[in-house]
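Contents: one structure, followed by commentary.
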Amino acid sequence: MSENKMKDVTYRSPDERQAEKNSKYAPKSIFLNGVLYENPALRLVLGTCPLLAVTISAKSSLFMGLAVLFVLTASEAIISLLRNVIPNKVRIPAFITIIATFVTIVQMLISAYFPALNESLGIYIPLIVVNCILLARAETFASKQKVLPSILDGFSMGTGFTLALLLMGSIREILGCGTFFDMQLPLFGSTIEPMMFFMLPPGGFFVFGICICLVQLIMKKQEKHSAGKGTSPCGSSSPNDCLSCAGCNLCKGKEED
Amino acid sequence: MKLQVSNSPHVRDKATTQSLMLDVIIALLPATFAGWYYFGIRAVLITLISVASCLLFEYISRRVMKRNNTLYDLSAVVTGLLLAMNLPVSLPFYMVVIGACFAIVVVKQMFGGIGNNFVNPAIAARIFLVIAFPKAMTSWTVRTGAWYSLKSVDAVSSATPLTSINSPEAPSMWKLFIGDKAGCIGEVCIVALLIGALYLLFRHVIRPWIPLAYLGTFTILVFLFGHQNVFDFSGNLATLEGWQNLFYECCYMLLSGGLILGAFFMATDYVTSPLTNKGKLVFGFGCGVLTFLIRYYGNMAEGVSFSILLMNILTPHIDDWTMGKPFGEVKENAKA
Chain A
1 MSENKMKDVT YRSPDERQAE KNSKYAPKSI FLNGVLYENP ALRLVLGTCP LLAVTISAKS
61 SLFMGLAVLF VLTASEAIIS LLRNVIPNKV RIPAFITIIA TFVTIVQMLI SAYFPALNES
121 LGIYIPLIVV NCILLARAET FASKQKVLPS ILDGFSMGTG FTLALLLMGS IREILGCGTF
181 FDMQLPLFGS TIEPMMFFML PPGGFFVFGI CICLVQLIMK KQEKHSAGKG TSPCGSSSPN
241 DCLSCAGCNL CKGKEED
Chain B
1001 MKLQVSNSPH VRDKATTQSL MLDVIIALLP ATFAGWYYFG IRAVLITLIS VASCLLFEYI
1061 SRRVMKRNNT LYDLSAVVTG LLLAMNLPVS LPFYMVVIGA CFAIVVVKQM FGGIGNNFVN
1121 PAIAARIFLV IAFPKAMTSW TVRTGAWYSL KSVDAVSSAT PLTSINSPEA PSMWKLFIGD
1181 KAGCIGEVCI VALLIGALYL LFRHVIRPWI PLAYLGTFTI LVFLFGHQNV FDFSGNLATL
1241 EGWQNLFYEC CYMLLSGGLI LGAFFMATDY VTSPLTNKGK LVFGFGCGVL TFLIRYYGNM
1301 AEGVSFSILL MNILTPHIDD WTMGKPFGEV KENAKA
């Protein structure tokens, strides 16, 4: 990593942030940010409710992820377009209205063309409206950035969420059901009895915890590659973390050596 | 007189993790042998597989996580032995390996190895297996075939004494005590467990507070609120027989299931039980209440492992409540 980028790692003062808001971001870093550094499910631990509920099978995880991906991309685009029109005081209701529009579209499409899927995903499709991933991205990214970066951000965040769901769904379905995308697997299910544990909530929490643990491991490895200096107090050290840090306020404007 | 000045720790003892674990293993052996005697060679194999796979997983995970080798502190052997003692003899062998993997890799090593596990690995693995394979984990067998028979088919399935207390096939009190009954490999022989527990108490490996509070609370609760209890005013207790039945139920409940094994060997685990004597009493009390509630009002026959697991999770808080204050401590300084 070059010396210039190293400086980006450190915390920036509010003025610098303001200046940064108007600057462009490299598409690659936005994409990596969504998929890995700020993966909504495994790094930010957002949207945990649908995450734990729908990951009992790989298929329903994939479709849930795709639904979120679509709603996220579309709503971020619209919110970004309207960011100068929406009054600051009523921005949250406005965001929710926009998000709800797309969720309604998705739900109608799913119930029209995939009724079985609609049955299995159930309440979790309408609940995308209040999914914190969408509100967080609308609030921290789309309402401040131009349209193209916002679309890219929505797409990459959605991809990150989908990948996380798919990972968890696959693990839980293979171990808990002995199948993968409803296909019978050779070893599991026959030789090894399916483990009910992974279908139940405790199994979901365990798989979730282990996935978070693995992603944390990858991040630590990356940290070692980049130099040790410049870890921000919120524990993140990736150059992309402050890009849209939702304001955990841990750093309180102070830089830690 | 010569005054020596030295750094802490000032209290020294020859005990090491290894020596303590060795004591626990020695204490567990009588009950293990009794289990082997009652359940045959399949029990021996389950024990060996459990211990071997615990050691293997410990070695692999320490290696993968680039930590030092901890095979020699024998804690993995204790976990393997305890896990095997908590399994029914008819369990398929691969499930034993899965349980050992869960105990060592997920519960123990992922949280930082010995001393950092938040619950007892053997108990967590047992509960994992109960939830993952409910049928295999609750099919109790009494051996009828030859002792060298490997197949569990040769065994007759039977209800655990806990579910058959009021039925005619309930084992007699003597059978419960010496272990001739259905159950997990290590929990059946109460007399062997008590010999091991006495050894641990005699060697000062464990203190009696947790088992006493646990068994005491449980017995009192059964006495007060069991199926036959002292608040029974329908006239049952007017006769001597009524009182006999009441005491019979108390003893029966104490001697069946994994209560003795849990109280003496699993609830007293150093890492996951409170440090202070007061805390140990609270811990044992909680275990007793939970075991009573699960056995009498839950939909499972046995509640020992679940209650110990729940109290394990509460242990840091119990420690917070019961930790003594250093003499002369001022509150403001304590906060700083």
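One line per chain: the protein sequences are A and B, in this order. Just so we're aligned: 249 in my numbering is position 249 of the first sequence, and the numbers increase by one with no gaps anywhere. Going from the second sequence to my numbering is simple: count from 1 and add 1000. C-beta: ideal position from N, C-alpha, C; glycine also.
Following the DSSP letters along the chain, one finds A/Ser111 inside the alpha helix (DSSP H) bounded by residues Arg91 to Tyr113. Membership of B/Tyr1199 in the alpha helix (DSSP H) is indicated by the continuous run Ile1190 to Phe1202. Using a CB distance below 8 Å, the part of the stretch 1110-1133 of chain B facing chain A consists of Met1110, Phe1128, Ile1131, Ala1132 and Phe1133, ordered along the chain. Using a CB distance cut-off of 8 Å, B/Tyr1094 counts as an interface residue toward chain A. Segment contact: the stretch 1250-1258 of chain B against the stretch 1201-1210 of chain B, fewer than three CB-CB distances shorter than 8 Å; contact not assigned. With respect to chain B, the C-beta atom of A/Phe197 has a partner C-beta closer than 8 Å. What A/Leu200 touches in chain B, judged by beta-carbon distance under 7 Å, is Ile1131, going in chain order. Looking at the DSSP output, A/Gln184 sits in a beta bridge with A/Thr179.
Judged by pairs of C-beta atoms under 8 Å, the stretch 58-72 of chain A touches the stretch 157-171 of chain A, as three or more such pairs exist.
CA-to-CA, the gap between B/Gly1035 and B/Leu1082 works out to about 12 Å. Between B/Val1089 and the set B/Ala1124, B/Ile1127, B/Ile1104 and B/Ile1041, the nearest pair of CA atoms involves B/Ile1041. Within the same chain, and ignoring the five residues on either side of A/Pro201 in sequence, the residues whose Cβ sits closer than 7 Å to its Cβ are Leu52. Under DSSP, B/Ile1026 forms no beta bridge with any residue. Less than 8 Å divides the Cβ of A/Phe198 from the Cβ of A/Gly176. Using beta-carbon distances, A/Cys49 does not count as an interface residue toward chain B, since no partner is under 8 Å. Beta-bridge annotation (DSSP): B/Pro1088 is paired with B/Cys1184. Beta-bridge partners assigned by DSSP to A/Ile192: A/Phe188. Residue state for B/Pro1326 is assigned as coil, using DSSP reduced to three classes.
Within the model, the alpha-carbon separation for A/Leu135 versus A/Ser170 is close to 27 Å.
If you compare the alpha carbons of B/Cys1189, B/Ser1075 and B/Arg1067 with that of B/Phe1039, the shortest gap goes to B/Cys1189. The alpha-carbon of B/Ile1131 is positioned some 60 Å away from that of B/Leu1003. Along the stretch 125-139 of chain A, none of the residues has a CB nearer than 8 Å to a CB of chain B. A/Cys213 reaches chain B at Met1110, counting residues in chain order whose Cβ is nearer than 8 Å. Two segments are said to touch when three or more pairs of C-beta atoms, one from each, lie closer than 8 Å; by this definition the stretch 1222-1230 of chain B does not touch the stretch 1171-1178 of chain B. Here A/Arg172 carries a helix assignment [DSSP, helix/strand/coil]. Using a CB distance below 8 Å, the part of the stretch 164-194 of chain A facing chain B consists of Thr191, Ile192 and Glu193, ordered along the chain.
Judged by DSSP in its simplified three-state form, A/Ser60 adopts helix.
Each residue's CA atom was taken as its position, placing B/Leu1281 and A/Pro194 some 40 Å apart. The beta carbons of A/Phe95 and A/Ala138 sit closer together than 8 Å. Burial state of B/Ala1263 is buried, judged by a 10 Å Cβ sphere holding 16 or more other Cβ atoms. Under the three-state reduction of DSSP output, B/Lys1014 falls in the coil class, being neither helix nor strand.
Of all alpha-carbon atoms in B/Phe1033, B/Phe1128, B/Val1107 and B/Phe1111, the one lying nearest the alpha-carbon of B/Met1095 is that of B/Phe1128. Looking from the CA of A/Gly47, the closest CA among A/Ile125, A/Glu173, A/Thr179 and A/Asn33 belongs to A/Ile125.
Annotation: the stretch 1248-1327 of chain B contains the following complete segments of the alpha helix (DSSP H) (minimum length 4 residues), in chain order: 1277-1297 and 1304-1322. Straight-line spacing of the CA atoms in B/Trp1321 and B/Leu1314 works out to 11 Å. Comparing C-alpha distances from B/Gly1183 to each of B/Thr1032, B/Gly1115 and B/Leu1022 shows the shortest one belongs to B/Thr1032.
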